[in-house]
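Take a look at the structure below.
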Amino acid sequence: MKRYLPFLIITFLSSCTFFESKEKRTQELINEELGQIDWNTVDSYPFFYTCDESASKAEQKICFEETLISHFQETLNDFEFTLTDAESETVNVIFVIDTLGEIKVVDIEKDASVLDQMPEFDGIITQSLKNLPKLAPALKQAKPVNSKYRIPVQLNTN
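Residues in the sequence shown are numbered from 3 upward in steps of one, following our numbering.
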């Protein structure tokens, strides 16, 4: 027994985790795992139910973007937007798709001349986004997450 006593003492003293509480070690493991997650990307993009859910991430992105742009163009083609002050104006529409697949307009970045010449512009853009077909939210580690997007809209003068 005396031969094993120094070995046991050395093993006991060299074990760092022996003195740590289980809760502290668990929290450290969670923090380490969270630190390895890339929070700036999603595992799957929001998708319209007309898109293939089992497609690759790149294909999902293409389908999402094409469906979004197609719907947006169809809706906006019904309206005449004209500017008289500049050759063209770019308006940025910023929106969030929440965890339920609902779209919420965050901001419409535009020059003051756009507001002066087309006061109904914000309402038309907002309504266009709200009339998008049903979609599922983006996923991160199999959980629905909010995702933010920016669409540049080019307005031309006549």
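All C-beta atoms in this analysis are idealised placements derived from N, C-alpha and C, irrespective of residue type, glycine included.
{"Asked": "Counted within 10 angstroms of its Cβ, other Cβ atoms place residue 174 as buried (16 or more) or exposed", "Found": "Outside the shown range of the chain, which is 3 to 160, sits residue 174, and nothing can be said about it."}
{"Asked": "Separation of residue 149 from residue 45, as counted between CA atoms", "Found": "11 Å"}
{"Asked": "Segments assigned beta strand (DSSP E), at least 3 residues, entirely inside the segment 52-103", "Found": "90-99"}
{"Asked": "Cβ-based neighbour list, residue 50, same chain, cut-off 6 Å, excluding 5 preceding and 5 following", "Found": "69, 135, 137"}
{"Asked": "With 16 other Cβ atoms within 10 Å as the buried cut-off, status of residue 131", "Found": "buried"}
{"Asked": "Environment of residue 71 [buried if 16+ CB atoms lie within 10 Å]", "Found": "exposed"}
{"Asked": "Per-residue DSSP class, three states only, for residue 112", "Found": "coil"}
{"Asked": "Contact test: residue 123 Cβ vs the ligand FMN heavy atom, cutoff 7 Å", "Found": "The ligand content of the structure shown is nil, which means the ligand FMN is not present either."}
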